[in-house]
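> Chains as they are written, first to last, in my numbering: chain D, 1 to 118; chain Y, 1001 to 1114. Where is the CB? At the ideal position from N, CA and C, for every residue including glycine. Okay, here's the structure, questions in a sec.
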Amino acid sequence: GAVVSQHPSRVICKSGTSVKIECRSLDFQATTMFWYRQFPKQSLMLMATSNEGSKATYEQGVEKDKFLINHASLTLSTLTVTSAHPEDSSFYICSAYTIPGQGDYEQYFGPGTRLTVT
Amino acid sequence: AQSVTQPDIHITVSEGASLELRCNYSYGATPYLFWYVQSPGQGLQLLLKYFSGDTLVQGIKGFEAEFKRSQSSFNLRKPSVHWSDAAEYFCAVGGSGGYQKVTFGTGTKLQVIP
Chain D
1 GAVVSQHPSR VICKSGTSVK IECRSLDFQA TTMFWYRQFP KQSLMLMATS NEGSKATYEQ
61 GVEKDKFLIN HASLTLSTLT VTSAHPEDSS FYICSAYTIP GQGDYEQYFG PGTRLTVT
Chain Y
1001 AQSVTQPDIH ITVSEGASLE LRCNYSYGAT PYLFWYVQSP GQGLQLLLKY FSGDTLVQGI
1061 KGFEAEFKRS QSSFNLRKPS VHWSDAAEYF CAVGGSGGYQ KVTFGTGTKL QVIP
């Protein structure tokens, strides 16, 4: 199946700093990627839809100025947590859809990035 | 709005015993239904999915799920559980066509005892 990678897998940053998380589709192109956030022992909450070449679409309640999403190419989307605070500590997971006609048309998930803000 | 309910937060089964994880969904049209498994600190792996056709869906690792429209359910089953099946299981629902958002249930944590 298709592979989605995330980098870094774990990151610790100080409060007030920014951190960037990369999501890459390794062997397929993805015009649409999703960013999820998962709190401990809870489900995945969709944060935003990342569209290549256009602005991301944020879910209600997600601060777009805090969680900056850039989908600059068909294989890379980045999530930047700006001015991070301890409450931003979470497990962030991205996913990417294959393009119809390129193998299975389904959503593939990255392995996640554990963000800890101290 | 679409939603998913997984009524069992935590389930414990003995190795070799059968397993059924419950999932009920709410969706206005014909849903796309998914079951994912997540090991600790890992991303999600697709076990199986239902789009249309045969309501009994076979997945990887010996799992199957049955779509019952009348009950709005999509329960996951496995006839004999292995210790390596211990993980968190998420049921999800999405729409057809295009890059539809998927809504996840709260998950069921499966513990397997010897």
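Can you give me, in chain order, the residues of the stretch 1033–1058 of chain Y that have a beta carbon less than 8 angstroms from any beta carbon in chain D?
Residues passing the 8 angstroms Cβ filter: Tyr1036, Gly1041, Gln1042, Gly1043, Leu1044, Gln1045, Leu1046 and Lys1049.
> Under 8 angstroms Cβ-Cβ, which residues of chain D neighbour Val1093 (chain Y)?
In chain order: nothing, as chain D lies at least about 12 angstroms away.
> Report yes if the CB atom of Ser95 (chain D) is closer than 8 angstroms to the CB atom of Phe28 (chain D), and no otherwise.
Not in contact: Ser95 (chain D) and Phe28 (chain D) (Cβ atoms no closer than 8 angstroms).
> Using the DSSP secondary-structure output, state which residues sit across from Arg114 (chain D) in a beta bridge.
In the DSSP output, where bridge partners are listed per residue, Arg114 (chain D) has D:Arg10 and D:Phe91.
> Applying a beta-carbon distance threshold of less than 7 angstroms, which residues of chain D neighbour Thr1108 (chain Y)?
Residues of chain D passing the Cβ test: none, with the nearest at roughly 11 angstroms.
> Would you give the residue range spanned by the beta strand (DSSP E) that Tyr1027 (chain Y) belongs to?
Neither: Tyr1027 (chain Y) is in no beta strand (DSSP E) and is coded neither H nor E.
> When the Cα atoms are used, what is the spatial distance from Tyr1032 (chain Y) to Ser1026 (chain Y)?
Cα to Cα, the separation comes out at about 11 angstroms.
> Just list the residues that DSSP pairs Ala48 (chain D) with in beta bridges.
Partner(s): D:Trp35 and D:Tyr58.
> Hey, how far is the Cα of Gly103 (chain D) from the Cα of Leu1076 (chain Y)?
Residue placement at Gly103 (chain D) is poorly supported in this model, since its pLDDT is 46, which falls under 50; the coordinates still yield a value, given next. Taking the straight line joining both Cα atoms gives about 25 angstroms.
> In terms of DSSP beta bridges, what is Ile1011 (chain Y) paired with?
Beta-bridge pairing links Ile1011 (chain Y) to Y:Leu1110.
> Could one say the Cβ of Ser18 (chain D) lies closer than 8 angstroms to chain A's Cβ atoms, at least one of them?
No chain A appears in the structure shown, which is made up of the protein chains D and Y.
> State buried or exposed for Gln1038 (chain Y), treating a residue as buried only when at least 16 other CB atoms are found within 10 Å of its CB.
So Gln1038 (chain Y) counts as buried.
> Does the CB of Lys1101 (chain Y) have a neighbour CB from chain D at under 8 angstroms?
Judged by the 8 angstroms Cβ criterion, Lys1101 (chain Y) is in contact with chain D.
> Is the CB-CB distance between Leu68 (chain D) and Thr49 (chain D) below 8 angstroms?
No, Cβ-Cβ distance for Leu68 (chain D) and Thr49 (chain D) is not below 8 angstroms.
> I need the DSSP call for Arg1022 (chain Y), collapsed to helix, strand or coil.
Correct three-state label for Arg1022 (chain Y): coil.
> Along chain Y, in chain order, which residues have C-beta atoms closer than 9 angstroms to that of Glu106 (chain D)?
Correct list: Phe1034, Leu1046 and Lys1049.
> Considering only the beta carbon of each residue, do Leu46 (chain D) and Gln38 (chain D) sit closer than 8 angstroms?
The answer is no: Cβ separation not under 8 angstroms.
> In the DSSP assignment, find the beta strand (DSSP E) that holds Glu71 (chain D) and state where it starts and stops.
The sequence shown places His at residue 71 (chain D), not Glu. Element bounds for His71 (chain D): Phe67 to Ser73.
> Taking all protein chains shown into account, decide if Glu63 (chain D) is buried (16 or more other Cβ within 10 angstroms of its Cβ) or exposed.
Looking at its Cβ environment, which holds fewer than 16 other Cβ atoms inside 10 Å, Glu63 (chain D) is exposed.
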